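>
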Amino acid sequence: MLSLERRAVDSRVMQWGSPLLALALTLLTGVLLFMALDRNPWEALRFFFLVPLSDAHGWAELGLKTAPLLLCAAGLTLCYRARIWNIGAEGHFLMGALWASVAALQLSEASGFWVLPVVLLAGMLAGALWSGLAALLKTQFHCNEILTTIMLNYIALNLLLYAVHGPLRDPMGFGFPQSEMFSAAALLPRLIPETRLHIGLLFALLAAVAVGVLFARTFIGFQLKVLGEDARAAAFAGFHERRLIWLAMLLAGALAGLAGASEVTGPIGQLVPQVSPGYGYTAIIVVFLGRMNALGIVLASALLALTFMGGEMLQIAMNMPKAITGLFQGLLLFYLLTCDAFIHYRIRWTARQRVPTVTQEA
79 MLSLERRAVD
89 SRVMQWGSPL
99 LALALTLLTG
109 VLLFMALDRN
119 PWEALRFFFL
129 VPLSDAHGWA
139 ELGLKTAPLL
149 LCAAGLTLCY
159 RARIWNIGAE
169 GHFLMGALWA
179 SVAALQLSEA
189 SGFWVLPVVL
199 LAGMLAGALW
209 SGLAALLKTQ
219 FHCNEILTTI
229 MLNYIALNLL
239 LYAVHGPLRD
249 PMGFGFPQSE
259 MFSAAALLPR
269 LIPETRLHIG
279 LLFALLAAVA
289 VGVLFARTFI
299 GFQLKVLGED
309 ARAAAFAGFH
319 ERRLIWLAML
329 LAGALAGLAG
339 ASEVTGPIGQ
349 LVPQVSPGYG
359 YTAIIVVFLG
369 RMNALGIVLA
379 SALLALTFMG
389 GEMLQIAMNM
399 PKAITGLFQG
409 LLLFYLLTCD
419 AFIHYRIRWT
429 ARQRVPTVTQ
439 EA
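In this note's numbering, the protein residues as written are 79 to 440.
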């Protein structure tokens with residue numbers, strides 16, 4: 079008989095082995111899935127993981143898609159280490175993209191080095207204010223941040239859709255829901271010529287390093303960790319819980335807002351409804367896969383960015399549906415959460431004992 083038994087000490091092997099095991103199980107499930115769809119599984123996995131990185135252009139695209147994931151994940155790490163379950167990175171991202179676009183269009187006639195910083199700051203401020211709504215509801219009205227941030231995601235999406243179908247729609251765009259193209263002064267410089275990779279990747283790497291330093295070297299990071307480990311201990315030590323919640327939420331919103339601003343001022347150059355393929359939601363997987371560690375979230379961001387590229391490649395090469403990307407990401411999260419249970423528990427086999435029967439003599 080199989081049962082789960084609580085470990086006396088959490089397993090450090092499973093702490094770091096769980097993501098690798100989850101990835102292996104995801105690949106195994108992918109093989110079975112491709113076989114069920116009558117596709118060559120090895121060819122499908124080759125197109126999914128290897129072909130997108132077969133040249134320098136592919137590596138540049140990987141960096142391009144890694145940047146927004148890493149920015150969102152860096153902000154969420156601040157929240158999750160403090161056990162503030164912010165699910166709203168997608169909404170912060172969309173609001174950052176929206177208001178950075180508003181700033182870029184308002185400054186379309188301006189020129190100078192100051193235009194781009196203003197546009198990016200507008201996106202960061204919008205993301206921070208949007209996350210501040212959830213922080214206000216949590217600290218003042220004790221609303222569950224999981225519910226409020228999820229609902230704010232949909233409000234942000236509909237605000238963006240209203241903008242591109244209404245006041246921000248390009249009058250010369252033949253009726254398509256998109257804004258005008260931004261001026262050159264509002265666009266991010268490219269890191270590698272003749273590719274779409276821009277300096278947004280540097281912003282993301284800097285954010286990851288800053289988060290790592292924050293938790294390793296600063297008193298604020300220590301307070302956030304203590305709050306996550308035991309809120310009562312944090313209160314006893316005199317740490318101000320509300321201030322820490324506001325700090326984590328505002329920084330998470332600002333970083334996700336910067337990701338949205340970088341997306342519209344980088345590869346797209348305008349505001350479109352499909353500005354995010356789900357970066358904010360995927361960043362949640364990145365944080366858990368990366369173990370809330372700076373280096374871990376960098377590697378996990380690159381891996382999840384590869385799933386976006388691989389999904390696009392499968393659509394082209396093997397006529398697979400677009401949902402294959404979300405399926406792989408969902409499987410990875412499912413297996414990760416399942417394997418994480420074995421950090422605290424282990425499987426124990428116990429022999430079933432037979433219950434003796436009592437017979438009565440006549």
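The beta-carbon is built from N, C-alpha and C at its ideal position, and this holds for glycine as well.
None of the values given here were measured: they were computed from a predicted structure.
#1: Report buried or exposed for G166, applying the criterion of at least 16 other Cβ atoms within 10 angstroms of its Cβ.
#2: DSSP state of H220, grouped into three classes?
#3: Spatial neighbours of L103 within its chain, please: C-beta separation below 7 Å, excluding the five flanking residues on both sides.
#4: State whether the stretch 199–211 contacts the stretch 370–377, with contact taken as three or more CB pairs (one from each stretch) at a distance under 8 Å.
#5: Would F126 and G388 be called neighbours here (beta carbons separated by less than 8 Å)?
#6: Is it buried or exposed, P97, if we count other Cβ atoms within 10 angstroms and call 16 or more buried?
#7: Starting from W427, trace the beta strand (DSSP E) in both directions and tell me its first and last residue.
#8: Spatial neighbours of A138 within its chain, please: CB distance less than 6 Å, with the 5 preceding and 5 following residues excluded, ordered by chain position.
#9: Under the DSSP definition of a beta bridge, which residues are partnered with R268?
#10: Among L237, M202 and G290, which one has its Cα closest to the Cα of L156?
#11: Given F386, which residues of its chain have a CB within under 7 Å of its CB, disregarding the five upstream and five downstream residues?
#12: Indicate whether the contact test is met: 3 or more Cβ pairs, each with one atom in the stretch 351–365 and one in the stretch 184–198, closer than 8 Å.
#13: Alpha carbon to alpha carbon, how far is N164 from R310? Give it in angstroms, no decimals.
#14: Who are the Cβ neighbours of W177 in its own chain at under 7 Å, not counting the five residues just before and after it?
#15: So what's S179 in DSSP terms, helix, strand or just coil?
#16: My guess is that Q313 and E307 are in contact by the Cβ rule of under 8 Å, so how many angstroms apart are they, rounded?
#17: Of the choices L172, W120 and R117, whose alpha-carbon is the least far from that of L333?
#18: Starting from the N-terminal side, write out each stretch of the alpha helix (DSSP H) that is 4 residues or longer and does not extend beyond the stretch 278–345.
#19: Looking at the structure shown, is L80 part of a helix, part of a strand, or coil, going by DSSP?
#20: Beta-carbon within less than 7 Å of T360's beta-carbon, same chain only, minus the 5 sequence neighbours each way: which residues are those?
#21: Assuming contact is defined by CB atoms lying nearer than 8 Å, are L38 and A160 in contact in what I supplied?
#22: Whole-angstrom Cβ separation of V350 and Q256, contact assumed at under 8 Å?
#23: Need the endpoints of the alpha helix (DSSP H) that E139 sits in, please.
#24: Does the Cβ-Cβ distance between A234 and G299 come in under 8 Å?
#25: Could you work out which residue in M391, Q348, G108 and A401 is closest to F260 when comparing CA atoms only?
#26: On the premise that A264 lies in contact with V193, defined as a C-beta separation below 8 Å, what is that separation, rounded to the nearest angstrom?
Reading off the structure:
#1: Working through the sequence shown from its first residue, we reach residue 166 at position 88. With 16 or more Cβ atoms within 10 Å of its Cβ, G166 is classed as buried.
#2: Translated into positions along the sequence shown, residue 220 becomes position 142. Note: H220 maps to coil in three-state DSSP.
#3: Numbered from its first residue, the sequence shown carries residue 103 at position 25. The residues are Y413.
#4: Fewer than three Cβ pairs drawn from the stretch 199–211 and the stretch 370–377 lie within less than 8 Å of each other, which leaves the two stretches out of contact.
#5: Here residue 126 refers to the residue found at position 48 of the sequence shown. Here residue 388 refers to the residue found at position 310 of the sequence shown. Yes, Cβ-Cβ distance for F126 and G388 is below 8 Å.
#6: Within the sequence shown, the letter at position 19 stands for residue 97. So P97 ends up on the buried side.
#7: Here residue 427 corresponds to residue number 349 of the sequence shown, with the count starting at 1. Start and end: Y423 to W427.
#8: For the purposes of this step, residue 138 is taken as the residue at position 60 of the sequence shown. Excluding residues within five positions, the ones whose Cβ falls inside 6 Å are I270, T273 and L275.
#9: Taking the first residue of the sequence shown as position 1, residue 268 is located at position 190. Answer is H276.
#10: Taking the first residue of the sequence shown as position 1, residue 156 is located at position 78. With distances taken between Cα atoms, L156 lies closest to G290.
#11: As a first step, residue 386 is located in the sequence shown; it is residue number 308 there, counting from the start. In its chain, beyond the 5 residues on either side, K143, P355 and T403 have a beta carbon closer than 7 Å to the beta carbon of F386.
#12: no
#13: The residue you call residue 310 lines up with position 232 of the sequence shown. The residue you call residue 164 lines up with position 86 of the sequence shown. For R310 and N164, the distance between alpha carbons rounds to 21 Å.
#14: Numbered from its first residue, the sequence shown carries residue 177 at position 99. Excluding sequence neighbours, W177 sits near A200, G201 and A204.
#15: Locating residue 179 in the sequence shown gives position 101, where the first residue counts as 1. S179: helix per DSSP, three-state reduction.
#16: Here residue 313 corresponds to residue number 235 of the sequence shown, with the count starting at 1. Here residue 307 corresponds to residue number 229 of the sequence shown, with the count starting at 1. This sequence places Ala at residue 313; Gln is not what is there. Between E307 and A313 the Cβ distance is about 12 Å, and since that is not below 8 Å, they are no contact.
#17: In the sequence shown, counting from the first residue as 1, residue 333 sits at position 255. For L333, the closest C-alpha among the options L172, W120 and R117 is that of L172.
#18: DSSP runs (the alpha helix (DSSP H)) wholly in the stretch 278–345: 278–295, 297–307, 309–314 and 319–341.
#19: Residue mapping note: residue 80 aligns to position 2 of the sequence shown, counting from 1. Residue state, collapsed to three classes: strand.
#20: As a first step, residue 360 must be located in the sequence shown, where it is residue number 282. Closer than 7 Å at the Cβ level, and outside the excluded window around T360, lie L147, L382 and Q407.
#21: The displayed coordinates of the chain run from 79 to 440. Any statement about residue 38 would go beyond what the structure contains.
#22: In the sequence shown, residue 350 corresponds to position 272, counting from 1. In the sequence shown, residue 256 corresponds to position 178, counting from 1. Contact holds; Cβ gap of about 5 Å.
#23: As a position in the sequence shown, residue 139 is number 61, starting the count at 1. Per DSSP, E139 belongs to the alpha helix (DSSP H) from A134 to R159.
#24: The residue given as residue 234 occupies position 156 in the sequence shown. The residue given as residue 299 occupies position 221 in the sequence shown. No. Outside cutoff.
#25: Sequence index remark: in the sequence shown, residue 260 carries index 182 (1-based). Ranking M391, Q348, G108 and A401 by Cα distance to F260 puts Q348 first.
#26: Locating residue 193 in the sequence shown gives position 115, counting from the first residue. Locating residue 264 in the sequence shown gives position 186, counting from the first residue. Rounded, the Cβ-Cβ distance is 5 Å, consistent with contact.
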